[in-house]
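Visitor:
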C-alpha cells in the first residue's frame with residue numbers, strides 16, 4: 133500500500149511555494165547584522181537569554197528589563213523572548229540563526245495566510261497567489277529582517293490560528309484552540325488581544341451563516357467571548373501583579389491614516405522599507421487610502437464569502453485603529469505594523485479571485501495571468517534587494533536620513549549607529565544636525581555630549597555650554613557631561629552650576645556630585 137504521508141499533493145505544493153517565496157525573498161537577511169533594538173539583546177548577549185531555563189525570569193519581567201539596556205518599560209513579550217533563548221542555546225546566539233528563526237516564522241505566517249484564504253472559501257490557486265503576494269514584498273522586509281520585530285510576526289501567527297480554529301472547528305475544540313491562540317498572542321505582544329477579537333468575530337460569522345434562522349445561533353460565540361473575557365482579565369491581573377500597566381495612547385487620526393495609506397500601497401507595489409519613516413501627511417496618505425478602499429470594495433463585490441470578507445476587513449481596520457496611535461506616539465509609521473492587517477486583507481482578496489484553469493484560459497486570461505506573474509516576481513525581486521538597506525544600523529538609518537532629512541529622529545538614530553562602529557566625527561555631525569531640527573531633545577544632548585567626553589574633546593563640549601544653558605533641555609546626563617568638560621578645562625564655577633542642574637533634574641544622579649567640589 134503506497135505511503136502518501138509525504139505525497140506532494142497540490143495543497144502541499146502550494147504550502148511549499150509560499151514558504152519558499154517567503155524565505156528566498158529575504159534570504160540575504162541571513163548575512164545581516166543587528167539592527168536597532170537588537171543590540172540591547174544580542175550585542176552583547178543579555179544574561180536572561182543565555183538559557184531556556186531562565187523561563188521564570190523571562191515571564192516575570194518586561195521586555196527591556198531582560199535586555200542589557202536595563203530600563204524598565206511596560207512592554208511584555210515573554211513568549212518570543214523565551215523562544216530566543218532556545219535559538220541561543222542551540223546556536224550560541226549567532227545573528228544568522230536569529231535571522232533564520234525570523235524567516236521561518238514569516239514563512240509559517242505566509243502559509244497561514246494561504247490556509248485562512250482557503251478556510252474562507254478561496255480556490256487553491258487564488259489562495260496561493262495571495263500567500264505569495266503577502267510573503268514576498270518590501271512591505272515585509274522590516275518584519276522579516278529586523279530580529280526585534282519578531283514579536284509582531286509571532287502574534288500574527290496566533291491571530292491567524294484563532295481565525296482558522298473559528299472557521300474549521302466547532303464546540304469545545306474550537307473554544308480550546310481559540311483560547312490557546314489568544315494566550316499565545318498576548319504573550320507575544322500587547323496587541324495580541326486581536327486574537328480574541330478575531331476568534332469571536334469569525335465564530336459569530338460562521339454560526340450565523342450556518343443557521344441564520346436559528347434564534348439561538350449566538351450562544352456559541354457568546355460562550356466563547358465569555359471564556360476569552362476571563363482570559364483577558366487573568367492577563368491584566370497578571371500584568372498588575374508584575375506592575376506592568378497596559379497603557380493606551382490617545383487616538384491619532386494621523387497615525388491611522390498613515391498606516392492605512394501604507395497598507396493600500398502594500399497591496400500593489402509597497403514602499404521601500406524605511407525604519408524611520410515619519411507619519412504621512414494627509415495628501416501623501418490619500419492615494420494609498422483610495423487604493424485600500426477600491427480593493428476592499430472589489431473584494432466585497434466579487435467574493436462568494438461576503439460576510440467573512442466583511443469580518444476580515446473589519447478586523448484589519450481594528451488593527452489600524454489599535455496600532456495607529458502607537459505609531460503616532462513614536463512618530464514613526466513602521467512597516468511592521470502592517471503585517472497583521474495585510475494577512476487579513478490578502479485572505480479576503482483571495483476569495484474574490486477566480487479559480488482559473490491554465491489549459492482553458494482565453495488569450496485575455498493568459499495575458500492577465502502573465503501580468504500577475506510578472507507583478508509577483510517584481511515584488512519578490514524588490515523585496516530581495518531591499519534587505520541591503522536593512523543589513524545594519526548605518527545602512528538603515530543613512531537611507532532614512534536621505535529620504536527624510538527634515539526628520540530629527542533619523543539623524544538621532546544614525547548618530548547612535550555611527551557611534552557603535554566608532555565613526556566619531558560622523559556621529560557628532562549626525563547628532564548636531566538632529567539638534568538643529570529639535571534643539572531640546574534630551575537624548576541627542578546626552579549622546580552628543582557623551583561622545584565628546586569619551587573622545588576627550590572637552591573644548592568642543594565646552595563650546596556647547598552656551599547653547600545648553602539657553603535651551604536647558606531636560607537631560608541630567610548632558611548637564612553632567614558638559615560640567616565635567618568645564619571642570620577638566622579648569623572652569624569650576626560652570627562645572628558647579630551644571631552639576632546643580634543635573635541634580636535638579638535627577639536627585640539620584642550621584643555622578644553629578646563630583647562637579648560640586650573642585651577637582652583635586
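In our numbering, the protein residues as written are 133 to 652. Even for Gly, the Cβ is constructed at its ideal location relative to N, Cα and C. All figures in this text were calculated on a predicted structure; none of them were measured in a lab.
Starting from the Cα of residue 465, find the closest Cα among 395, 298, 436 and give me that residue.
Guide: It is 395.
Visitor: For the candidate residues 643, 246, 275, 261, whose alpha-carbon lies nearest to that of residue 293?
Guide: Cα-wise, what sits closest to residue 293 is 246.
Visitor: Between residue 356 and residue 307, which are expected to be in contact by the criterion C-beta below 8 angstroms, what is the C-beta distance as a whole number of angstroms?
Guide: At roughly 5 angstroms, the Cβ-Cβ gap stays under 8 angstroms, so residue 356 and residue 307 are in contact.
Visitor: Sort 351, 359, 241 by Cα distance to residue 329 and report the nearest one.
Guide: Answer by Cα proximity: 359.
Visitor: Who are the Cβ neighbours of residue 605 in its own chain at under 6 angstroms, not counting the five residues just before and after it?
Guide: 572, 574, 577, listed in sequence order.
Visitor: What would DSSP say about residue 133, mapped onto helix, strand or coil?
Guide: Note that residue 133 scores a pLDDT of 43, beneath 50, so its modelled location is shaky; the value from the coordinates is reported in the next line. If DSSP states are grouped into helix, strand and coil, residue 133 belongs with coil.
Visitor: Ignoring anything shorter than 4 residues, give me the alpha helix (DSSP H) runs that lie fully in the region 528 to 601, in order along the chain.
Guide: Those alpha helix (DSSP H) runs which fall completely within the region 528 to 601 and span 4+ residues are 540 to 552, 556 to 569, 574 to 586, 590 to 594.
Visitor: Under the three-state reduction of DSSP, which class applies to residue 184: helix, strand or coil?
Guide: Three-state DSSP puts residue 184 in a helix.
Visitor: Assuming contact is defined by CB atoms lying nearer than 8 angstroms, are residue 297 and residue 241 in contact in what I supplied?
Guide: Not a contact, by the Cβ cut-off of 8 angstroms.
Visitor: Just to confirm my understanding: we take residue 470, look at its own chain, exclude 5 residues before and 5 after, and list those with CB closer than 7 angstroms. What are they?
Guide: Excluding positions up to five away in sequence, the list reads 271, 391, 394, 395, 398.
Visitor: Within 10 angstroms of the Cβ of residue 134, are there 16 or more other Cβ atoms? Answer buried if so, exposed if not.
Guide: Legend: pLDDT at residue 134 = 47, less than 50; position of this residue unreliable, value from coordinates given subsequently. Classification for residue 134: exposed.
Visitor: Who are residue 315's beta bridge partners in DSSP?
Guide: For residue 315, which the question treats as bridged, DSSP gives no partner whatsoever.
Visitor: Per DSSP, what kind of secondary structure is residue 78 in: helix, strand or coil?
Guide: Not covered by the structure: residue 78. The range shown for the chain is 133 to 652.
Visitor: According to DSSP, residue 177 sits in a beta bridge with which residue or residues?
Guide: Paired residues: 174.
Visitor: Out of curiosity, what's the CA-to-CA distance linking residue 442 and residue 141?
Guide: So the two alpha carbons sit approximately 31 angstroms from each other.
Visitor: Between which two residues does the alpha helix (DSSP H) containing residue 342 stretch?
Guide: Counting along the chain, the alpha helix (DSSP H) containing residue 342 begins and ends at 325 to 342.
Visitor: Around the C-beta of residue 193, are 16 or more other C-beta atoms found within 10 angstroms, so that it is buried, or is it exposed?
Guide: With 16 or more Cβ atoms within 10 Å of its Cβ, residue 193 is classed as buried.
Visitor: Which residues in the same chain as residue 628 place their Cβ atom closer than 7 angstroms to its Cβ, once the five residues preceding and following it in sequence are excluded?
Guide: Contacts found: 647, 648.
Visitor: Quick one: Cα of residue 554 to Cα of residue 427, how far?
Guide: In a straight line, the C-alpha of residue 554 is about 48 angstroms away from that of residue 427.
Visitor: Within 10 angstroms of the Cβ of residue 342, are there 16 or more other Cβ atoms? Answer buried if so, exposed if not.
Guide: It counts as exposed.
Visitor: Within the region 401 to 453, note down every full alpha helix (DSSP H) run reaching 4 residues or more, in order along the chain.
Guide: You should have 414 to 434.
Visitor: Alpha carbon to alpha carbon, how far is residue 618 from residue 598? Give it in angstroms, no decimals.
Guide: So the two alpha carbons sit approximately 12 angstroms from each other.
Visitor: Should residue 409 go down as buried or exposed, given a rule of 16 or more other Cβ atoms within 10 Å for buried?
Guide: Classification of residue 409: buried, given that the 10 Å Cβ count is 16 or more.
Visitor: Short of 6 angstroms in beta carbon distance, which residues of its chain neighbour residue 430, apart from the five on each side in sequence? Order them along the chain.
Guide: Closer than 6 angstroms at the Cβ level, and outside the excluded window around residue 430, lies no residue.
Visitor: Do residue 339 and residue 353 have their C-beta atoms closer together than 8 angstroms?
Guide: Result yes, Cβ atoms of residue 339 and residue 353 sit closer than 8 angstroms.
Visitor: Could you tell me which residues DSSP pairs with residue 464 in its beta bridges?
Guide: 410, per the DSSP bridge assignment.
Visitor: For the alpha helix (DSSP H) that residue 273 lies in, which residues bound it at each end?
Guide: First-last of the alpha helix (DSSP H) with residue 273: 273 to 277.
Visitor: Which residue spans inside the region 369 to 403 form an unbroken alpha helix (DSSP H) run of at least 4?
Guide: Listed in chain order, they are 385 to 398.
Visitor: Would you report the Cα separation of residue 558 and residue 594, rounded to the nearest angstrom?
Guide: Roughly 19 angstroms separates the two Cα atoms.
Visitor: Flag residue 475 as yes if its beta-carbon sits less than 8 angstroms from any beta-carbon of chain D, otherwise no.
Guide: Within the model displayed, chain D is absent; a lone protein chain is all it includes.
Visitor: Sort 161, 257, 561 by Cα distance to residue 147 and report the nearest one.
Guide: Looking at the Cα atoms, 257 is the closest of the given residues.
Visitor: I'd like to check one pair, residue 265 with residue 511: are the Cβ atoms closer than 8 angstroms?
Guide: Result yes, Cβ atoms of residue 511 and residue 265 sit closer than 8 angstroms.
Visitor: Between 295, 318, 365, which lies nearest to residue 310 when the distance is taken from Cα to Cα?
Guide: For the residues 295, 318, 365, the minimum Cα distance to residue 310 belongs to 295.
Visitor: Skipping 5 residues on each side, what residues in its chain have a beta carbon closer than 8 angstroms to that of residue 322?
Guide: Closer than 8 angstroms at Cβ, skipping near neighbours: 207, 208, 378.
Visitor: How many angstroms separate the CA atom of residue 417 from the CA atom of residue 389?
Guide: Answer to the nearest angstrom: the Cα atoms are 6 angstroms apart.
Visitor: Using 8 angstroms as the threshold, is the C-beta distance between residue 608 and residue 637 below it?
Guide: For residue 608 and residue 637, yes; Cβs fall inside 8 angstroms.
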